[in-house]
Amino acid sequence: DNDMASNAIRWNIERFAACEMEAEQIEELKAAIGELMADVSSEKEDLDGEIRTLRRELKKIREDLSELHKGSKVYPREITEARQYVYQGLIKRLGKAVRVDILADLIDIQEERWRNAVEGYMGGNKLLLIVEPKYAREAMEIYRELDDKKYYRAAVLDTEKILEREHVAKENALSEAVKAREPYVRSYLDYLLGNVIKCDTLEEMRQYPVAVMDDCTLYQGYRLSHMNPKSYTREACIGAESLKRRIALLKKQAAGLESDLKPREEQQREYEIMLSMERLSKDTSEYMEWLLDIQESKAREKEKERLTRRILKLQQKDVARLKMQREETEAQLQKKEEQFREILKEATRLKQTLEAEKQERIDGAYLLTQLEKEFVPQADLDEEASAIAFQENRLTYEQLKRRYLSRRESAREEKEQKLQKLAEERGSYLKAHPNRSFKQFSQDNEEYDRLLDDLQLNDLERFQALAKEQAKAATQHFQNDFIYKIRSAIKDAMERKNELNKIIDKLDFGKDKYRFIFGRNRGEDGKYYDMFMDKSLEINPSQLGDTMDNQMNLFSMEHSGKYGTMLNELMTVFIPPVDAGPEEQEEAKRNMEKYADYRTYLSFDMQQIIEGEHEPIKLNLSRMIKKNSGGEGQNPLYVALLASFAQAYRINMPARLLRKPSIRLVVLDEAFSKMDGEKVASCISLIRSLGFQVIISATNDKIQNYLENVDKIFVFANPNKKSISIQEFEKRDFNQLQEAE
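Each residue of the sequence shown is one higher than the last, beginning at 2 in the numbering used here.
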C-alpha cells in the first residue's frame with residue numbers, strides 16, 4: 002500500500018497471492034514491480050541528499066550553540082588561527098606578549114534599533130585583527146607570512162595610519178550607533194560608518210551618497226539594495242548582546258531544520274521498507290512449479306486427512322496397550338543395566354586388589370631372601386632372644402600391645418622435649434647472629450654441623466686478618482664513592498644555579514634584577530666543603546699512562562694528607578661501632594641522612610640588584626626579607642618560581658633539541674595577594690613574555706588588579722554549598738559593581 006504503486010500492480014499482486022496468474026502475466030508483474038522499485042530508489046537517493054544537507058546544517062548550528070553557551074563567540078576558524086599566528090609572531094619579535102583582538106570584541110552597539118544595519122554594513126570588517134598602533138607595522142609584516150589562499154578572509158587593521166588623519170563623522174551617521182573605548186578603534190568607525198546616514202524613508206535616503214534604513218536597506222552608488230541577511234543574523238557578533246541574539250536565532254533555525262528533517266526521515270524509512278520487499282526476483286518457471294505444487298497439494302491434503310483418521314482409529318484400539326508394555330520393558334531393561342554396571346565395577350576393584358596382593362607377596366619374598374643372605378648368627382644374642390621370646394610368649398596379645406603403645410608414647414614425648422630444647426638453642430644463636438639464614442625448627446642439624454666444622458679450622462688468625470683487609474677495602478671504597486657523589490651533586494647544583502641565572506637575566510621585572518647565590522655553608526658543617534671540592538680531586542687525562550703507577554687515584558696522597566683526619570671524623574659521625582646499641586644506631590642513621598645530602602654543605606641565597614647612580618647595589622635577600630613589605634617580599638618569590646617553571650619546561654633549550662611543544666601551564670593559587678596593581682601588571686607581563694599559559698585564582702577584593710592584564714575572568718560562587726555557579730566577568734561590569742557598593 003503506497004501512493005507510488007498503481008492500482009494495476011496491487012490487483013496483480015492480489016491475483017498472484019490467490020494463485021490465479023499465468024506465466025505471461027507474472028512476467029508483466031515482475032517488470033512493473035522492477036520499474037516501481039527503480040522509481041523508489043531514485044526518489045530515495047534525492048531524499049538522502051536532502052537529509053544529509055539538513056543534518057550537516059543542523060550539526061554546524063548545534064556546534065555553534067555549544068560554543069555560544071560556553072560564553073565564547075564563534076568566529077571562522079581561519080580568523081582565530083590568523084589571530085593566534087600574529088600573537089605568537091609578536092612574542093618572538095618583541096620578546097613579550099601583545100594583545101591581538103578582533104574588532105567585534107572592542108565595540109558595542111548603543112542604539113538597538115540600528116544593530117542589524119551596523120552588523121550588515123560592516124560585514125567582514127568586524128572580523129579585522131586589531132593591535133595597538135605602535136605594533137601595527139610588525140603585525141602586518143607577520144600577516145604577510147600567512148597562506149593567501151587559506152587566510153584571505155583575515156585582515157589586519159593599520160591602527161597606526163588610521164590615527165594619523167582625523168576622521169569626522171557626519172551628523173546622524175551610522176557610526177553614532179556604535180561605541181568604542183580605544184581612540185584608534187573610534188577613528189576607524191568614523192572612517193567606515195561616518196558617511197553612512199541613518200534614514201527613515203526612501204526619499205530621505207536619495208538625498209545622500211550613502212544611506213541606510215533600519216530594515217537593512219542600503220542606498221549606495223545610486224542603487225538601492227538589501228544587505229546580506231547572513232551578516233546580521235548567523236554572523237552577528239558585535240557586543241555582548243549579539244551572543245544572546247545569535248543563540249536565539251540559531252535555536253530557531255535548529256528547530257526549523259528539525260521540523261524539516263522529521264517528515265523526510267519518515268519518508269526515508271518508508272522507502273527503505275519498500276526497497277526491502279519481495280521483487281519476484283526468481284525465474285518465472287520456478288513460480289509456475291510452485292503453482293503446480295499448490296494445485297497438487299489439495300489432493301495430498303485429502304489423502305493426509307484419510308490417513309490421519311485411520312491412525313486415530315488404530316491408536317484407540319491397540320496402541321495404548323502396546324505403549325504401556327513398552328514402558329514396562331524399558332524400565333526393567335534400565336534396572337538390569339544398572340545392576341550390570343555395579344557388578345562390573347566390583348569385578349574391576351577385586352581384580353586390582355588381587356594384583357596388589359600378588360605384588361606385595363613377591364616383594365616380601367624378595368626382601369626375606371635378601372635378609373637371609375645378610376643374616377649372621379650370634380650365639381649370645383640367640384640365647385637372649387630365646388629368653389625374651391619365652392617371656393613374651395607368657396604375655397597375651399593385648400598386654401604386649403599396651404606395653405608397646407606406652408613405650409612409643411614415652412619416646413615421642415622425649416623426642417618433642419629434645420627438639421624444643423634444640424630449637425631454643427638455635428633461636429638464641431640466630432638472634433646473636435642475624436646474618437645466618439639457617440632454619441630454627443628443622444628435623445636435621447646438617448647446616449649447623451657444617452658451620453661447626455668450618456669454625457673449628459686451625460686457620461682462624463689468617464681469616465681474621467683477611468676480614469680486616471676486606472673491611473678496610475670496603476671502608477675505602479665507601480669513602481671514595483661518598484666523596485665522589487657529594488662532589489658531583491654540588492657541581493650539578495652549581496650548574497643548575499648558572500642555568501637559572503641565565504633565565505633570570507632575561508626577565509624584565511621592573512627596575513630590579515635578581516640572581517641566585519650558592520656557596521659554602523656558613524655554619525659548622527661548612528668546614529667539610531673544601532674537602533669535597535679540593536682541586537687535587539680533579540683528574541687530568543693527559544697525566545694518565547699505561548702503568549699501574551700512573552693510573553688515576555681518586556684519593557691522591559696530597560688529598561689524603563690534607564683531609565684524612567677530617568674525613569675519618571666525618572665517617573665516625575654516621576658509621577656506628579660494632580657493639581652500638583639501638584639508640585646509637587638510630588642516631589647514626591639520622592646523621593647519615595643529613596651528611597649524605599649535598600645541601601648540608603651549602604648555603605642558598607638570592608641577591609637583589611638595584612640600579613644606582615654610579616654602580617648597581619646588591620642586597621642579599623636573606624638579610625632583607627624580614628625588613629621588606631609583603632609585596633616586596635613576594636617579588637623574589639615569583640621570580641624564583643617562574644624561573645623554575647622556565648627551567649622545567651626547558652624554555653632556554655634550543656628549539657631543535659626539543660622533542661615536542663609543551664603546554665607551559667602555570668597554576669597559581671591566590672597569587673600576588675600582597676602586591677599592588679602596578680606590580681601585578683609587571684608580574685603578568687613577565688609571565689606572558691615567557692610564553693606561559695597561566696591560570697590565577699584570587700579573591701573578589703583583588704579583581705581590580707587583574708581587569709586590564711588578563712584575557713578572561715570567571716567568577717565562581719557556591720552560595721548554598723551544594724552547587725557551584727560559573728559566570729564570565731566582563732570589564733564593564735566592574736564599574737557597575739563599584740557603583741552598587
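In this text, a Cβ means the ideal position worked out from N, Cα and C, and glycines have one as well.
Everything numeric in this text was worked out from a predicted model, so none of it was measured.
Can you grab the Cα-Cα spacing for the pair Gln705 / Ile697, in whole Å? 14 Å
Among all the DSSP beta bridges, which residues are the ones paired with Phe517? Met607
For Cys238, the nearest candidate out of Gly520, Ala6, Val75 (CA to CA) = Val75
Exposure label - Asp445; buried when at least 16 CB within 10 Å:
exposed
Worksheet item: Can you check whether the CB of Ile685 is closer than 9 Å to the CB of Tyr707?
Response: yes
Does the distance from the C-beta atom of Lys180 to that of Ile110 stay below 9 Å? yes
Margin query: Mapping the DSSP letters down to three states, classify Ser690 as helix, strand or coil.
Written below: helix
My understanding is that Ala255 touches Leu59, with C-beta atoms under 8 Å, so please give their C-beta distance in whole angstroms.
6 Å
- [ ] Between the Cα of Val744 and those of Arg488, Val711, Val377, spot the shortest distance and give me the residue it belongs to.
- [x] Here the chain covers residues 2 to 742 and nothing more, so residue 744 does not appear.
Point to revise | Beta-ladder partner(s) of Glu1, from DSSP | key: Only positions 2 to 742 of the chain appear in this structure, which leaves residue 1 out of reach.
| Excluding sequence positions up to five away, which residues of its chain have a Cβ less than 7 Å from the Cβ of Ala18? | none
Point to revise | Identity of the residues DSSP links to Gln26 by a beta bridge | key: Its beta-bridge partners do not exist; DSSP assigns none.
**Report entry** For Leu129, three-class secondary structure by DSSP
**Finding:** coil
* Compute the beta-carbon to beta-carbon distance between Glu195 and Ser226, rounded to the nearest angstrom, for a pair I have assumed lies under 8 Å. => This sequence places Gly at residue 195; Glu is not what is there. In fact, because the Cβ distance is near 21 Å, the residues do not count as touching under 8 Å.
### Local conformation of Ser663 per DSSP, three classes
coil
Per-residue DSSP class, three states only, for Tyr220
strand
**Message:** I'd like to check one pair, Tyr144 with Ile163: are the Cβ atoms closer than 9 Å?
**Reply:** no
* Beta-carbon contacts of Leu95 that lie in its chain and below 8 Å, excluding the five residues immediately before and after -> Tyr136, Glu139
### Query
Below 9 Å between beta carbons: does that hold for Ala42 and Leu276?
According to the sequence displayed, residue 42 carries Ser and not Ala. Yes, Cβ-Cβ distance for Ser42 and Leu276 is below 9 Å.
Tell me the rounded alpha-carbon separation between Arg154 and Cys217.
23 Å
field: From Tyr185, Glu29, Ala118, residue whose alpha carbon lies closest to that of Asp102
entry: Tyr185
(message) Going by beta-carbon coordinates alone, are Asp531 and Arg523 separated by less than 9 Å?
(response) no
What's the gap between the Cα of Ile688 and the Cα of Asp670? 15 Å
Contacting residues, own chain, Cβ-Cβ under 6 Å from Arg84 (five flanking each side not counted):
Val101, Leu130
DSSP has Val197 in a bridge; who is on the other side?
Note: Val197 sits in no beta bridge, so no partner.
- Query: What span of residues does the alpha helix (DSSP H) with Gln85 cover, start to end?
  - Reply: 78-95
| query | Looking at C-alpha atoms only, which residue of Tyr288, Glu267, Glu266, Glu133 is the closest neighbour of Gln26? | reply | Tyr288
State the DSSP-derived secondary structure class of Phe376, mapped to helix, strand or coil. coil
Complete runs of the alpha helix (DSSP H) confined to the segment 679-733 [at least 4 residues]: none
I need the DSSP call for Val75, collapsed to helix, strand or coil.
coil
| said: Just to confirm my understanding: we take Leu219, look at its own chain, exclude 5 residues before and 5 after, and list those with CB closer than 6 Å. What are they? | reply: Val213, Ser226, Met228
If you run the structure through DSSP and keep just helix, strand and coil, what is Ala212? strand
Practice item. Please confirm whether His622 and Ile611 have their CB atoms less than 9 Å apart. Key: Inspection of the sequence shows that residue 622 is occupied by Leu rather than by His. No, the Cβ-Cβ distance between Leu622 and Ile611 is not below 9 Å.
Straight-line gap, Met534 to Gly562 (C-alpha atoms, nearest Å) | 15 Å
Quick check on Ala155: does DSSP put it in helix, strand or coil?
coil
| query | Looking only at C-alpha atoms, which of Ser188, Pro578, Lys492 sits nearest to Glu161? | reply | Ser188
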